[in-house]
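K.L.:
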Amino acid sequence: MAVRLRYLSHELEVPLGQFVIGRSADCQLALDDPLVSRRHALLTVRSDGVTIEDLGSRNGVSVNGLKIDGPRPLSHGDRITIGGQEMVLEGMPEEGVMSVPESIAFGGPRSVARTARVHHNPEGYETREDFWTDYTTPGLGPPSAAPSPQPDRHVNALTLIGSVADKALAMGRAEEAERILQRSLNDVLVKAREGTVPQPDLAATAAMYAAKLATATGRGSWVNYVFELYTRIDQLVPGTVVDELYSAVRKVKALDMAMMRSYTESLRTRSGSLGPSERFVQQRLEGLERLGGLK
């Protein structure tokens, strides 16, 4: 049976390994609560059981109403209190399951760990859910431009923050979705400007949510975001993102074409090195440029 944390109306599956809970965005579960320390507690899931320990927080950790001192074994149904937040452990590890190495759990082209950041707005809207990203983006740059093999723990965080934004978008709350996503999307672009190439799935996820924001808000700056990001990292925009950009370009109020034209021109200079599927995406991008030129 899988190990899960039930928090408010959310259910977060916890993989084998270590799972940090705190206020920092680097934690696997980031809680927006002033009573929660940046790195507050460590949940460890092994094949033979689950433990939790306090990481030297200001307000401590309680299990079933009692403050713990040192690592505390947990059982199904135990109530964990961190700051002002309470969550319930459900399930226990399956016997005989091998522990997942951290290099796999928090990295690679398809991560098996799930990370959440729960947001609350003044109206009380909050939600989260898990879903997987499986984008593959052909790299056009030299081997030195390949993504770093080091784990990029922003991938799942952006994915699940994005899932909250998806809920907001579905409810017609474009401004709320933009507020949720803006900081994480800006972080990706700033790092790309500094020369740090994100993993392909992180870049694709960031670009997809930027395109969705352009569609929902009518702001052309989010279209520019996609083309600046993929110009910086010297890769081909994924076809799924291009599809969303067609919707976005039709709805934006104003569009600065300079970034898009610069990007498509760079593709034309090396179109001979592209494969058939990549050339199809290139043609779609050129069609998008023509569409944008009509704005």
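Sequence positions in the sequence shown follow the numbering used here and run 164 to 458.
Quick reminder that beta carbons are idealized off the backbone N, C-alpha and C, glycines included.
1. What's the call for residue 197, buried or exposed, on a 16-neighbour Cβ count within 10 Å?
2. Can you tell me which of 215, 218 and 420 puts its alpha carbon nearest to the alpha carbon of residue 457?
3. Within 10 Å of its beta-carbon, does residue 205 have 16 or more other beta-carbons around it, so buried, or fewer, so exposed?
4. Put residue 214 into one of helix, strand or coil per three-state DSSP.
5. Quick one: using the 10 Å Cβ neighbour count with 16 as the cut-off for buried, is residue 334 buried or exposed?
6. Let me check one thing: in DSSP terms, what residues is residue 173 bridge-paired to?
7. Within the same chain, show all residues whose beta-carbon is closer than 6 Å to that of residue 411, passing over the 5 residues directly before and after it, in chain order.
8. Check whether the Cβ atoms of residue 352 and residue 388 sit closer than 8 Å, and answer yes or no.
9. Kindly indicate which three-state DSSP category residue 382 falls into: helix, strand or coil?
10. Quick check on DSSP: helix, strand or coil for residue 183?
11. Restricting to Cα atoms, I'd like to know which of 447, 244, 369 and 401 is closest to residue 220.
12. In three-state terms, what does DSSP make of residue 193?
13. Considering only their Cβ atoms, is the gap separating residue 392 from residue 370 smaller than 8 Å?
14. Which two residues bound the contiguous beta strand (DSSP E) that contains residue 225?
15. Would residue 395 and residue 331 be called neighbours here (beta carbons separated by less than 8 Å)?
16. Quick one: what does DSSP say residue 234 is sitting in, helix, strand or coil?
P.N.:
So, from the listed chains and residues:
1. Position 34 of the sequence shown, counted from the start, is the residue given in the question as residue 197. The residue is exposed, with fewer than 16 neighbouring Cβ atoms inside 10 Å.
2. For this step, residue 457 is matched to residue 294 along the sequence shown. The candidate whose alpha carbon is nearest that of residue 457 is 420.
3. Against the sequence shown, residue 205 aligns to sequence position 42. Buried is the call here.
4. As a first step, residue 214 must be located in the sequence shown, where it is residue number 51. Three-state result, residue 214: strand.
5. Locating residue 334 in the sequence shown gives position 171, counting from the first residue. By the neighbour-count definition (other C-beta atoms within 10 Å, threshold 16), residue 334 is an exposed residue.
6. Mapped onto the sequence shown, residue 173 falls at position 10. In DSSP, residue 173 forms a bridge with 170.
7. If you number the sequence shown from 1, residue 411 lands on position 248. Excluding positions up to five away in sequence, the list reads 374, 377, 378 and 386.
8. Taking the sequence shown and counting its residues from 1, the one referred to as residue 352 is at position 189. Taking the sequence shown and counting its residues from 1, the one referred to as residue 388 is at position 225. Taking 8 Å as the cut-off, the Cβ atoms of residue 352 and residue 388 count as close.
9. Position 219 of the sequence shown, counted from the first residue, corresponds to residue 382. Assignment of residue 382 by DSSP, reduced to helix, strand and coil, places it in the strand class.
10. The count along the sequence shown starts at 1 and reaches residue 183 at position 20. The three-state secondary structure of residue 183, taken from DSSP, is strand.
11. Within the sequence shown, the letter at position 57 stands for residue 220. Nearest option by C-alpha distance: 244.
12. Counted from its first residue, the sequence shown places residue 193 at position 30. Note: residue 193 maps to strand in three-state DSSP.
13. Mapped onto the sequence shown, residue 370 falls at position 207. Mapped onto the sequence shown, residue 392 falls at position 229. In contact: residue 370 and residue 392 (Cβ atoms closer than 8 Å).
14. Here residue 225 refers to the residue found at position 62 when the sequence shown is read from its first residue. Start and end: 224–226.
15. Reading the sequence shown from its first residue, position 232 is the one you call residue 395. Reading the sequence shown from its first residue, position 168 is the one you call residue 331. No; because the gap between Cβ atoms is not below 8 Å, this pair is not in contact.
16. Within the sequence shown, the letter at position 71 stands for residue 234. The DSSP-derived three-state label of residue 234 is coil.
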